[in-house]
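J.: Note that this note's numbering numbers the sequence shown so that position 42 is 42, with each residue one more than the last. Glycine residues also receive a C-beta, built at the ideal position from the N, C-alpha and C atoms. It should be emphasised that the depicted structure is a prediction, and the values quoted were computed from it without experimental measurement. Encoded as structure tokens, here's the structure I'll be asking about.
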Amino acid sequence: MRDVLFYDQTRYPKIARLAIAIPLILILILCYTYAQETIFISLLGFVFIILIVSAYYMYKSGLVIQLSEEGVSYTLYSFSKKSNHIPLSDIQQIALTALDYTSKFGGWGYRKNKNGEAFIFNDGLFLHVQTAHQVYYFSISDAQKKACRNLLEQYSLPYTKKE
């Protein structure tokens, strides 16, 4: 790949990780309190294991996105690694856009449905990339949103949609 014009790495927000950590702590307290109840402890142990796996997934997951003169490259890290490249010649529109991700895609993480393919790790503005066959939405970290907007305005590609 040629010179990278824009680079960003996004992860799940802290509030999402807290949503997992708080129940883990509560389960440990309940296990200590009700240590004599075998069925209750077994159920809590099962939920604890699911939450540990979820916490590990959220800790390891992230999105790396790069914009270059050749197009948009992205890598999704989770339990596996998914890398892809969208050539600039395939891009019909590219812009930063606001997105109500909960109603359009149903939450955080990697989502794919009739509305397109989304990589949601935070809220606010998303990099919207449209090709002839697919629509993509990429989370951009808060620290990089201004840099991404400036890059899209600076290059004002024929493919760039103005807000």
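If I'm right that Ala73 touches His85 with Cβ under 8 Å, what's the distance once you round it to whole angstroms?
T.: Going by the sequence as given, residue 73 is Ser instead of Ala. Yes, Ser73 and His85 are in contact; Cβ-Cβ is about 5 Å, under 8 Å.
J.: According to DSSP, is Asn150 helix, strand or coil?
T.: Three-state result, Asn150: helix.
J.: Short of 7 Å in beta carbon distance, which residues of its chain neighbour Leu76, apart from the five on each side in sequence? Order them along the chain.
T.: Cβ neighbours of Leu76 beyond the five flanking positions: Leu63, Lys82, Tyr110 and Phe119.
J.: Would you call the segment 4 to 23 and the segment 137 to 144 touching, i.e. three or more CB-CB distances under 8 Å?
T.: The answer is yes - the segment 137 to 144 touches the segment 4 to 23, with three or more Cβ pairs under 8 Å.
J.: What's the gap between the Cα of Val135 and the Cα of Ile29?
T.: Spanning the two alpha carbons is a distance of roughly 45 Å.
J.: Using 8 Å as the threshold, is the segment 93 to 103 in touch with the segment 28 to 43, meaning 3 or more CB pairs across them?
T.: Segments in contact, no.
J.: Does the separation of the CB atoms of Phe138 and Leu151 fall below 8 Å?
T.: Their beta carbons are not under 8 Å apart, which means Phe138 does not touch Leu151 by this criterion.
J.: Taking the straight line between their C-alpha atoms, what separation do you get for Gly124 and Ile140?
T.: Spanning the two alpha carbons is a distance of roughly 9 Å.
J.: How is Ala143 classed by DSSP in three states: helix, strand or coil?
T.: The answer is helix: DSSP assigns Ala143 an H, G or I state.
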